[in-house]
Structure formats: structure tokens, C-alpha cells
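So the sequence shown is residues 1 to 337, counted in UniProt numbering.
Below you'll find the structure, written out as C-alpha cells, and then a few comments.
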Amino acid sequence: MANETGDKEKLLPRLRRKYPWLDHLIRANDSFNENYGNHYAAAITYFSVLSVIPIFMVGFAIVGMVLGHNEAVIAQITHGIDTSVPEGLRGLVKQITDAALKSGSGIGIFGLLLALYSGVGWMANLRDALTAQWGQEKKAEPFVSKTIKDLLSLIGLGLALIVSFAITAAGSGLGELLLKLVGLEGQGWAKLLLHVATIVLSLIANALVFLWVIARLPREHVALRSAVKGAIFASIGFVILQQVATVYLTSVTKSPSSALFGPVIGLLVFANLVSRFLLLVTAWTATARENQRRVVQPPAPVLLEPRVTVQHGLGLGSVAGAFSAGALLAWLGRRKG
1 MANETGDKEK LLPRLRRKYP WLDHLIRAND SFNENYGNHY AAAITYFSVL
51 SVIPIFMVGF AIVGMVLGHN EAVIAQITHG IDTSVPEGLR GLVKQITDAA
101 LKSGSGIGIF GLLLALYSGV GWMANLRDAL TAQWGQEKKA EPFVSKTIKD
151 LLSLIGLGLA LIVSFAITAA GSGLGELLLK LVGLEGQGWA KLLLHVATIV
201 LSLIANALVF LWVIARLPRE HVALRSAVKG AIFASIGFVI LQQVATVYLT
251 SVTKSPSSAL FGPVIGLLVF ANLVSRFLLL VTAWTATARE NQRRVVQPPA
301 PVLLEPRVTV QHGLGLGSVA GAFSAGALLA WLGRRKG
């Protein structure tokens, strides 16, 4: 029995040595737990649900003013947002976007302040979580300076998401236009190629957003090349996560007891899944061999101890003294003579 237990205990280390990818996953999971990944994911989820409506209100009001209420472009952006969430949440997201578009610039001072408070709180927790997963030390910053940086990061992330949605939607529309120009809009294989190209373009756009989030949102910026693999992995994993969340939310919303709170519960679950996934990917990126920080041990302290040396036999002082005494005696002897 003891041998069997010992073999089982040695199995995992053997597998980790044999399969580097398994060792990497275990290191990432350990880092995620050690750096309070679940705690940060819960905080991000709370502020995500709290801030989604105010941020949408302010965001679409700004988009409407910038684009001059261009219905075609706004429709492409809203379509990109719809396709980025599971099907079970698209109804709720559509209600929020419609309400935001109808409100226009009439959000008021209270709505703007609520959006700033919840949005900056969400960004602060997100940045702290990413900083922790990178193993960076959390440094104390002045409140005003920290708030301004978080606000600028929130605006930058919003612009990156809008550009990502616009690129995906514009790529799809441009592809359909090209098919019409060359007369292939009715060909099945051409539509299939366009669909594949749209998916690839969406993955690239998502990867760029994840790259910016993983490398630039931590309190201490990380080199972009250090986060490329993580961004690609996150982009592909996010699509898979959408499908899993769709299946789960479909089963949840079919329950009669969740008819009233189903969408809100679904939003909570999806926000928590995305938060955990993002932090796990960041931990996986930070624990890669090429990104791990090498800790150089300081040299051992040098101890200076006083030493007392006892010399045996005639020393230099004794010889000099004897020589001086001999010279003095010889001089005295010559005077007497």
C-alpha cells in the first residue's frame, strides 16, 4: 500500500516533466489561486453588472454625437455587440442598447456621474486583478492620479472595443459587397469562404483587444510580445466560452422560475465566467517560462571579525631594540677607552 501511494504521488511530477503544457497549466492555476483570482473575479463581476447600463448609456450617447446618428454605422456596431455575447443574453443587451440610443444626449448629470463611478470602479478592479496575476507589487498611488489613469484606461478600452466591433462588421459588409461586384453572391462556396473570413477577422480583432488588455492594463505595462500567445489563446477560448455559455443560458432561461430573473442571472454568470477566464489566461501568460522573472539571490554578507595574532620568537621590535642597545654599549665602551 505504501508503494502504491508513493507511486501515485510521483505520477503527477512525472507527468509534469513529460508534458510541459501540463506543467504550465498547473503553474497558471497555482498562480491564479495564490494571487486571489476568484476574489478579483467576483469584484469585477459585481462592477460589471453595476456599470453595464450606465456605460452603455454614456457610450452610445457619445457614439451618436460623433457619428451624427448614422444609422448604418450604429447598426453595425450594435450587431457586433450582439454577436459578442451568448444568445441567451442578446435580448437583454438589445433592450439596453435600444434604451441607450433612445436616451441620446439626455442622460443627465446623474447618469454621467453614475457611469463614471461604476466604470472607474470596474476598471480599477480589473487593473488590480491583472497586476496581481502578473506578480507585480501593488504600489500606493495618489487617489486623484489613480482615478484619472483608470478613467483613461476605461476610455481606451471602450474605443478598442468599438473599433473591434466596427472592423468585424465592416469586414463582413465589405465581403458581401465584393461578392456582389464579382457576381458570386449566390454561390454557396463563396458564402462559406466569406463566413470563414469573417470568423478569422473577428478572431484577429478580439486578439488585438485581449493583447491590449493583458499587456497594457496592468499598473506596470508589460511588453506586447510577452502577451501575444495569451491574446491568441484568449481570442480562441472566448469563442468557445460563448458557445458553452449559450448552452448553459438556454437551459437556465427555459426554467419557469427563472423567467423573471433569468437574463440578470445569465448576465452575472457570463460576467463571472469571462472574468475568471481573462485572469486565468493572464496567469497562464505570466507563468510562461519566457515571462517568469529570474530572482537573483543577493551575495552572502561578509563578516569582518577582529583577529589577535600572538607571535612567537623575536619580532621586528625586539631585533631593533637589541641592535640599538648593542650600538649604545659599543659607543660607551669607546668613550671609556
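Every residue, glycine too, gets a C-beta built ideally from N, C-alpha and C.
None of the values given here were measured: they were computed from a predicted structure.
### Message
Let me check understanding here. Comparing Cα to Cα, which of Ser251, Leu92 and Leu22 lies closest to Ala288?
### Response
Position 288 of the sequence shown, counted from the start, is the residue given in the question as residue 288. Here the closest residue by C-alpha is Leu22.
### Query
Counting pairs of beta carbons, one from the region 125–141 and one from the region 32–51, are three or more of them closer than 8 Å?
The region 125–141 is in contact with the region 32–51.
### Task
Evaluate Leu177 with the Cβ neighbour count: other Cβ atoms within 10 Å of its Cβ, from every protein chain shown; 16 or more gives buried, anything less gives exposed.
Here residue 177 refers to the residue found at position 177 of the sequence shown. Exposed: under 16 other Cβ atoms inside 10 Å.
### Query
Which class does His221 belong to by DSSP, given the choice of helix, strand or coil?
For the purposes of this step, residue 221 is taken as residue 221 along the sequence shown, with counting starting at 1. DSSP places His221 in coil when its eight states are reduced to three.
### Task
Counting only the same chain and skipping the five closest in sequence on each side, list residues whose C-beta sits under 7 Å from that of Val295.
Counting from 1 along the sequence shown, the entry for residue 295 is found at position 295. Low local confidence applies: a pLDDT of 46 at Val295 is under 50, so the model's placement there is unreliable, with the coordinate-based value given in what follows. Sequence-distant partners of Val295 (beyond 5 residues in either direction) whose C-beta falls short of 7 Å from its own C-beta are missing from its chain.
### Query
In three-state DSSP terms, what is Glu71?
Locating residue 71 in the sequence shown gives position 71, counting from the first residue. In the three-state reduction of the DSSP assignment, Glu71 falls in the helix class, which pools H, G and I.
### Task
For the alpha helix (DSSP H) containing Val200, list its first residue and its last residue.
Taking the first residue of the sequence shown as 1, we reach residue 200 at position 200. Element bounds for Val200: Gly188 to Arg216.
### Query
My guess is that Ala234 and Phe210 are in contact by the Cβ rule of under 8 Å, so how many angstroms apart are they, rounded?
On the sequence shown, residue 234 is found 234 positions in, with the first residue counted as 1. On the sequence shown, residue 210 is found 210 positions in, with the first residue counted as 1. Right, the Cβ-Cβ distance comes to about 4 Å (below 8 Å), so this counts as a contact.
### Task
Please go through the same chain and pick out, in chain order, the residues whose beta-carbon is closer than 8 Å to the beta-carbon of Arg225, but skip the five residues on each side of it.
Your numbering for residue 225 matches position 225 in the sequence shown. The answer is none, since no qualifying residue turns up.
### Query
When the Cβ atoms of the region 242–252 are set against those of the region 185–199, are three or more pairs found closer than 8 Å?
The region 242–252 is not in contact with the region 185–199.
### Query
Quick one: what's got a C-beta closer than 8 Å to His221's C-beta in the same chain, skipping five residues either side?
To locate residue 221, count along the sequence shown from 1; it is residue 221. Ala215.
### Task
Could you check what DSSP says for Gln292 in three-state terms: helix, strand or coil?
For this step, residue 292 is matched to residue 292 along the sequence shown. It is coil, neither helix nor strand.
### Query
Between Ser31 and Ala286, which are expected to be in contact by the criterion C-beta below 8 Å, what is the C-beta distance as a whole number of angstroms?
Translated into positions along the sequence shown, residue 31 becomes position 31. Translated into positions along the sequence shown, residue 286 becomes position 286. Confirmed, Cβ separation roughly 7 Å.
#### Entry: Three CB pairs or more closer than 8 Å across the region 272–285 and the region 9–20
no
### Message
Suppose contacts are defined by Cβ-Cβ distances below 8 Å. Is Thr45 in contact with Asn291 by that definition?
### Response
Within the sequence shown, the letter at position 45 stands for residue 45. Within the sequence shown, the letter at position 291 stands for residue 291. No. Outside cutoff.
### Query
In three-state DSSP terms, what is Gly183?
Here residue 183 refers to the residue found at position 183 when the sequence shown is read from its first residue. The DSSP-derived three-state label of Gly183 is coil.
### Close Cβ partners of Lys94 (< 7 Å) along its chain, the five nearest in sequence each way excluded
Here residue 94 corresponds to residue number 94 of the sequence shown, with the count starting at 1. If we look at Lys94 and ignore the five residues flanking it on each side, its Cβ neighbours are Asp82.
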